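Notes for the one structure printed next.
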Amino acid sequence: MFKRIKLITMAVVLMTALVFSQKVKYDDSWGSQGFSLAKSSFSGVSVTHSVNEFEMAKAEINGETFTTVQLPGVFLPNDEGAPDLPGSSRYIAIPQGAKARYVISDMKKEVYQNIDMAPAPKIPWDSDKTPMEYKKNGEIYSKDVFYPSSPVIMSEPTKIRGLDVVMLGITPFQYNPVTKELIVYRDIKVDVSFEGGSGHFGEDRLRNAEWDRILKNAVLNNLVLEDVVYKNISDSKADEFEYIIICPDNATFINYANQLKEFRTKQGIKTGVVTTTQIGGNTEAAIEAYVNNAYNNWDTPPSAVLMMADWGASGSAGTLYAPTYEPTAYPCVSDNFYADVITTDGKALPEITFARMTAQTEAHLQTMVSKIINNETNPPTSVNFYKNPITALGWQTERWFQICSETVGGYMKNELGKTPVRINEIYEGNPTVDPWSIATNTSQVTSYFGPSGRGYIPATPQELGAWTGGDATDVANAINGGAFMLMHRDHGFYLGWGEPDFVSADIDLLTNTTPTFIFSMNCQSGAFDYPSEVFAEKFHRYTYNGQNSGALGVLVASETSYSFVNDAYTWGTFDYMWPDYMNDYGAAPTNNDEFMPAFASVSGKYFLDYSSWPYNTVNKIDTNYLFHLHGDAYMVVYTEVPQNLTVNHQDIFDSDNIAYVSADLGAKIALVANGQIIGTGTGTGSMTGITIVPQPYDTQVILTVTKQNYFRYEQTIVVVVPNSGGDWAISSSNIPFGGVTVGGSSTQQFTITNSHATEYLIGDITTITAYSVELAAKDLKNTLHYVIPPSTSRVFDLIFAPTAEISYNGNITITSTDTNHVTSYVAVSGFGAYPNITLPALASSSAAPEASVLSSFNIGNTGTAGLNYSAMSKSYTGFQIPGTTYHSNDFQSGLIYTNSGAVSWATGTGGTWNGTTTCAALTAQGTGIMTSAAFSSSLGGGLYLDFDQTCTFVSGSSRKVEYYNGTAWVQVYYNNTLAVTDHQRIALPAAAANSQLRFTGVNTKAGPTTSSWKVDNITVSSDALPYSWLTISSPTAGTVASGGTNAINYTCSAAGLVVGIYNANVTIASDDPDEPSKVLPVQFTVSNTTLIPGTPSNVTTTVSGANLVIDWAVAADATSYDVYSSAEPYGTFTFVSNVATNQYTTTFTEAKKFWYIVAKNATK
67 MFKRIKLITM AVVLMTALVF SQKVKYDDSW GSQGFSLAKS SFSGVSVTHS VNEFEMAKAE
127 INGETFTTVQ LPGVFLPNDE GAPDLPGSSR YIAIPQGAKA RYVISDMKKE VYQNIDMAPA
187 PKIPWDSDKT PMEYKKNGEI YSKDVFYPSS PVIMSEPTKI RGLDVVMLGI TPFQYNPVTK
247 ELIVYRDIKV DVSFEGGSGH FGEDRLRNAE WDRILKNAVL NNLVLEDVVY KNISDSKADE
307 FEYIIICPDN ATFINYANQL KEFRTKQGIK TGVVTTTQIG GNTEAAIEAY VNNAYNNWDT
367 PPSAVLMMAD WGASGSAGTL YAPTYEPTAY PCVSDNFYAD VITTDGKALP EITFARMTAQ
427 TEAHLQTMVS KIINNETNPP TSVNFYKNPI TALGWQTERW FQICSETVGG YMKNELGKTP
487 VRINEIYEGN PTVDPWSIAT NTSQVTSYFG PSGRGYIPAT PQELGAWTGG DATDVANAIN
547 GGAFMLMHRD HGFYLGWGEP DFVSADIDLL TNTTPTFIFS MNCQSGAFDY PSEVFAEKFH
607 RYTYNGQNSG ALGVLVASET SYSFVNDAYT WGTFDYMWPD YMNDYGAAPT NNDEFMPAFA
667 SVSGKYFLDY SSWPYNTVNK IDTNYLFHLH GDAYMVVYTE VPQNLTVNHQ DIFDSDNIAY
727 VSADLGAKIA LVANGQIIGT GTGTGSMTGI TIVPQPYDTQ VILTVTKQNY FRYEQTIVVV
787 VPNSGGDWAI SSSNIPFGGV TVGGSSTQQF TITNSHATEY LIGDITTITA YSVELAAKDL
847 KNTLHYVIPP STSRVFDLIF APTAEISYNG NITITSTDTN HVTSYVAVSG FGAYPNITLP
907 ALASSSAAPE ASVLSSFNIG NTGTAGLNYS AMSKSYTGFQ IPGTTYHSND FQSGLIYTNS
967 GAVSWATGTG GTWNGTTTCA ALTAQGTGIM TSAAFSSSLG GGLYLDFDQT CTFVSGSSRK
1027 VEYYNGTAWV QVYYNNTLAV TDHQRIALPA AAANSQLRFT GVNTKAGPTT SSWKVDNITV
1087 SSDALPYSWL TISSPTAGTV ASGGTNAINY TCSAAGLVVG IYNANVTIAS DDPDEPSKVL
1147 PVQFTVSNTT LIPGTPSNVT TTVSGANLVI DWAVAADATS YDVYSSAEPY GTFTFVSNVA
1207 TNQYTTTFTE AKKFWYIVAK NATK
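Numbering of the sequence shown is given in the numbering used here, commencing with residue 67 and proceeding in unit increments.
Spelled out as structure tokens, the structure:
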């Protein structure tokens, strides 16, 4: 892939002294900390990465003193042994089949010197009890080059479940270990363009609601994922399923699989049960081939798969085999081999969500399936169950266990208003005096989650306290007291947790009858291939006195996992379930964000993948294989006391293909008949028409509505022949549309009412050409069947869409079962028309310096249809530097610079390029230095240096500009490009009373070819801003009637402008098919010449209630108006008021009054 870097703006500062810990803050960043999406379109994105603050500190490592760099929100270190520079990244969605190119379009940087940068540590396994290992990578530290080679990197295209993406990584630091220079890229702007491809984002076949949340969390430009109507799964093939349950070919397993299938099908998830016999065997090859074929070839590919059996050897009966992933140290069993369908990216990221129920017996199956169904049909209602979630951790000063756990607990306390039960014990260290952690990158984690960031944890652990004393009894008591979730973070092993100590035998202490979901974010406790019952399996299978108890489900690792990487994965997982947990990552919260641990785990793996990319990829791959959900892939955990849904619907259905249901905003609606999904929809808070497969009479249709933290709603509705008849009435017998733009449409509504108390009103509505009718924005038709229950009204949309510039008049026909209104008619009329926008050739106005003037222009419409203009945008031509100019030189009137060096700068007296430096004819290389006299910039706000340049260099030449800030020379520009002609605008460091500029050219001669660098129009000024003299004061959207005009008022302000002529363009968007975008040039003259305002015209009066409104046309060059009145037309007119607009409103009591208006401005 082609990549190129263009360096535009560079503000460079040299710093050599560091205190023990130095927090550097910038108040003039281009964006918020990290990534900001400045622009997004179907053709590319513009991304800004800003460093609002970072921290440098001294650290003793292996007996040496090093500098560490911490950047808030970057959680993981660099690659082992490399300079530990923090970097972050984001996925960028690109069109199908497209390539992506990037350009660094602008940047601002600083340079620090004499820095001994610390190497990144080796990320340890959670089970590793030795100190952190730091060892320099000699290949990097021995070379006189900057690491990384570029602050920006972009991956080759890959896919996330059919969505083409690239990874954009930015490390806003570069370090040269030989020269010990550290470059800090304070701000970087990157433009990414998309080339080729279909122009469409994502593969619609693979889209579904749960995976769309994952996609929108993962990609930065998620708005390009346009809403789609998810495939109507009632139309899909019988043997294709959105949710696959794989089980052994055993009647008991099949029976419980079918129970879960029926439950999920009712809520609109097309679920199928397949056995090992049907897929070809209990082997890796058979299972993987079946899953891959389903993903790649089904019209409705699976979004999730449940492995409903415990692990067993390949080919064994009554089990489901999973292969073993074998990294360097700790092999782990993993279903991720099946979840990772597209393996070409080498990242082991899933395309399908997997879960497993490690059932061996019917008792296990009954427990695991009933826990799911009972929890979602009859969830706990105790306030304390939701008020008191549990966090349990083992303190280890060298790790982040305590930070990971307390950030989740702090979110639940501070943002959700809960009172987490904290159960803690010490593994290593002393939390009464220790910091949060001594691990690398701790500062950037605590900055993000601490008081200066999200606010989930205090500045020091001592402010929380209660770090010791937790034990198995505390854990059991907390679960028995009721809690919707427990999160444990510390060391784990096959039979339990380290600190606080809670092992398999302690599960027998549990008596809870409302199971708790367990986040076991540690090692080994979920190794489902262990020879005996592992900790997570016992937790999930557990019952007490024949009732469900213990865990509702468990998210857990199947072997030894990595410290720090685990924590980042955990944070990403929780951000899926609670989107505001890290609100600068992922998509914004919606009206139905479901707490679904299985899908959240997948989202966490993608979050981990783009965390600090391209570093530590191996550790991330291992984590993807490790973590599994023990439970149901579609399981939903209630996090608040459930509420009742507000659902309204027909009490019977006829054989129509539309069902009308009203449900809470965001609720999921499903209709099922005979075990088949016949329609799905989403609640809007009002009546919604859902397209269904028509059903024969006497069919029972099950309506199911679900939403996070609401009771599940189920109701059976019978398809019957309605008791027809009814009393028919309609709201209108004549609906005129007038002129409607050809190719567009206009909608009007009418209402049919059935006032009968017991009978249904049934009939058809038939329209004429160019008209169509629909109900509840569904099922647009020329003939629409309707059924209106007793004592009910239905509102219908009548849509007129002309295709030619002709009249469309006639009647729509409405039949009904009301014997008094068997056939009725509604007259309709309308004609196809075209608008035609007209604008003046130029809008012009003028004002004295510092004055402003109100002007106007007309938008006209000479067409036959109303003209709708929807937006006005303005753009300026030219360039403005308002504020004080502290230094300038265009080299037209003499040189105020001092020459030094071997090559002199020559100054011309005319022409375009005047200040030049040229290598002497007999010199191979020479340096020319041009230094300005001192000038003061002490009154300036933001300072900017502007100059024009052109150069012709041979190899070895360079140019730089330095700025004297009162105490030292600071390099602000450097370049050695061989040929360039451009304008430079550079942000300067702090203002000073004795500033100077210094231009240094190093010019090399090669044979007869010499080098030259020419500069001109040097200016140092404050607060460079784009023009802002034009303000449109009228509404920027409206309608112009056929043959009419709309006056648009605008104001031109000369504040800060020097005498001259200024130009701008106003672009007006409209529905004129020939000119959907039309440009009006605007010219503004700032002049000291006396400007005589024009004469107001078209003075009109209008009575509005108790007010009299006087209007007049805007007068040229007027800035205000004097209003006069008189009781007689030729009497004495008395001054009433001065107004700034072309309108005056007053109350009136007289029978008659006469008015005249005088236009005024600053000079007249």
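Don't be surprised by glycine CBs; every beta carbon is placed ideally from N, CA and C. None of the values given here were measured: they were computed from a predicted structure.
query	result
Going by the DSSP bridge assignment, what does PRO187 pair with across the sheet?	TYR200
Hey, ASP830 and THR849 are a contact pair by Cβ (cut 8 angstroms); roughly how many whole angstroms apart?	6 angstroms
Any contact of the stretch 128-147 with the stretch 267-275, i.e. 3+ C-beta pairs under 8 angstroms?	no
Hey, out of PRO1195, ALA1182, ILE160 and THR1213, whose CA is closest to VAL1224's CA?	ALA1182
For LEU278, I'd like the list of residues in its chain whose CB is within less than 8 angstroms of its CB, leaving aside the five on either flank, ordered along the chain.	At residue 278 the sequence reads Asp, which differs from the Leu that was named. So the qualifying residues of the chain are LEU291.
Identify the continuous beta strand (DSSP E) that holds LYS1026 and give its terminal residues.	1024-1030
Who are MET553's beta bridge partners in DSSP?	THR457 and PHE585
Grab me the residues of GLY1104's own chain with a C-beta within less than 7 angstroms of its C-beta, minus the 5 sequence neighbours each way, in chain order.	TYR935 and ASN1112
Considering just the uninterrupted stretch of the alpha helix (DSSP H) at THR1185, what are its terminal residues?	Unbroken run through THR1185: none, as it is neither H nor E.
Please report the distance separating the alpha-carbon of THR835 from that of SER264.	35 angstroms
So, with DSSP's three-state summary, where would you put PRO223?	coil
In the DSSP assignment, what residue or residues form a beta bridge with GLN709?	TYR776
Decide if the stretch 993-1005 is in contact with the stretch 1050-1070; the criterion is three or more beta carbon pairs, one per stretch, under 8 angstroms apart.	yes
Between ARG330 and the rest of its own chain, which residues show a CB-CB distance below 7 angstroms, the 5 nearest in sequence each way excluded?	TYR309, THR337 and TYR700
Taking the alpha-carbon positions, what's the SER912 to THR1155 distance?	10 angstroms
Is it buried or exposed for THR782, if we count other Cβ within 10 angstroms and need 16 for buried?	exposed
Can you look up ASN649 in the DSSP assignment and give me helix, strand or coil?	coil
Can you check whether the CB of ASP406 is closer than 8 angstroms to the CB of MET373?	no
Check for me: the alpha helix (DSSP H) holding THR683 runs from which residue to which?	683-692
Keeping to the same chain, check which residues put their C-beta closer than 8 angstroms to that of SER109; ignore five residues upstream and five downstream.	SER259 and PHE260
If ALA370 sits next to ILE439, beta carbons under 8 angstroms apart, how far is it from one beta carbon to the other, in whole angstroms?	Their Cβ separation, rounded to whole angstroms, is 17 angstroms, which puts ALA370 and ILE439 out of contact at 8 angstroms.
Could you give the residue range of the alpha helix (DSSP H) that holds PRO663?	663-676
Taking SER790 as the reference, which of ASP720, ASP556, THR712 and THR1097 has the closest Cα?	ASP720
Identify the continuous alpha helix (DSSP H) that holds LYS479 and give its terminal residues.	467-480
Taking Cβ positions, are ASN578 and HIS557 nearer each other than 8 angstroms?	no
Does DSSP put ALA1090 in a helix, a strand or coil?	At ALA1090 the pLDDT is 49, less than 50, meaning the model places this residue with poor confidence and gives no usable figure here.
The alpha helix (DSSP H) with GLU442 in it runs from where to where?	428-443
Let's test the definition: count the other Cβ atoms within 10 Å of the Cβ of PRO1195 and tell me whether it reaches 16, buried, or not, exposed.	exposed
Among the candidates THR427, THR765, PHE585 and VAL808, whose CA atom is the shortest distance from the CA of PRO1139?	VAL808
Tell me which same chain residues have a C-beta within less than 6 angstroms of the C-beta of THR833, skipping the five on either side of it?	VAL839, ASN848 and ILE878
Does the structure place the stretch 812-820 close enough to the stretch 750-761 that three or more beta carbon pairs sit under 8 angstroms?	no
Alpha carbons only, please: which of ALA1056, PRO243 and MET233 is nearest the one belonging to ASP210?	PRO243
Let me confirm a value: LYS202 is counted as buried when at least 16 other C-beta atoms fall within 10 Å, else exposed. Which label applies?	buried
What separation, rounded to the nearest whole angstrom, lies between the Cα atoms of VAL1125 and LYS1226?	21 angstroms
So LEU737 and ILE756 are supposed to be a Cβ contact under 8 angstroms. How far apart are they, rounded?	7 angstroms
Name the one or two DSSP bridge partners that ARG1051 has.	ASP1012
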